[in-house]
Amino acid sequence: MKKSLFFLLAALVICSCRGPVGPEGPQGPKGDGMNWKIVDLDITQWDYSNYTDNNYYFAKYEVPALTNFVFTDGNVNGYILLKENGETIQHSLPYVLHKYEIDGNGDPIYYTETIDFVYGVGWVQIEVRDSDFAYESDASIVPNAMSFRVVMTY
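Numbering of the sequence shown is given in my numbering, commencing with residue 449 and proceeding in unit increments.
As structure tokens, then:
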């Protein structure tokens, strides 16, 4: 008897939760949707800077889609495009690698390569810095060609 009463009450509770479908909610305000713009950059030529003894290579591009609105109210992300196992992958910037080269005496020279980007209204600059934590006055390690993607959401 107790089991029958329990199932009857359970059925009433479940059935009582159903009702007519309510009216559709109001339409959201216009302009609150997500917009995005993707800019791909292939860099084959690098400029060199030793501004205030901070040596680095860079490539600066005009990006008209990076408006004041995107700069102040949007989001800008940078990626380096790499080939791994025959497929292209994206790695977010900054991208930090620990490398070495062999000098004229056959000794390794260890250094860290950091690839990053900076931006402002209307432009993006990709930067490559090599550091062995010692001041080097020459531009001896020139970066290879690289591909990048800049994604703006607003």
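Heads up, the beta-carbon is just placed ideally off N, CA and C, and yes, glycines get one too.
Below 8 Å CB to CB, which residues in the same chain sit around W494 once its five sequence neighbours on both sides are set aside?
-> Y505, F506, A507, V576, V590, P591
Starting from the Cα of Y558, find the closest Cα among Q538, S579, Y543 and give me that residue.
-> S579
Residue range of the alpha helix (DSSP H) that T520 falls in?
-> 516-521
Pull up the distance between the alpha-carbon of N523 and that of Y496, whole angstroms please.
-> 28 Å
CB contact check: W494 to chain C, cutoff 9 Å | The displayed structure is made up of one protein chain only, and chain C is not part of it.
Rounded distance between the beta-carbons of I574 and L489, thought under 8 Å = 7 Å
Close beta carbons around V599, own chain, < 6 Å, minus the five adjacent residues each side | I486, N525
Inter-residue CB distance, V566 and F519 (contact presumed, cutoff 8 Å) | Not quite, the Cβ-Cβ distance comes to about 12 Å (not below 8 Å), so this is no contact.
How big is the Cα-Cα spacing for F517 and V572?
-> 15 Å
Can you tell me which of the three DSSP states S585 falls into?
-> Here the model assigns S585 a pLDDT of 45, short of 50, so the residue's position is not dependable and the matter cannot be decided.
Are there 16 or more other CB atoms within 10 angstroms of the CB of T601, so buried, or fewer, so exposed?
-> exposed
According to the neighbour-count rule (16 or more other Cβ atoms, all chains shown, within 10 Å of its Cβ), is L541 buried or exposed?
-> buried
Just to confirm, are Y543 and T562 a CB contact at a threshold of 9 Å?
-> yes
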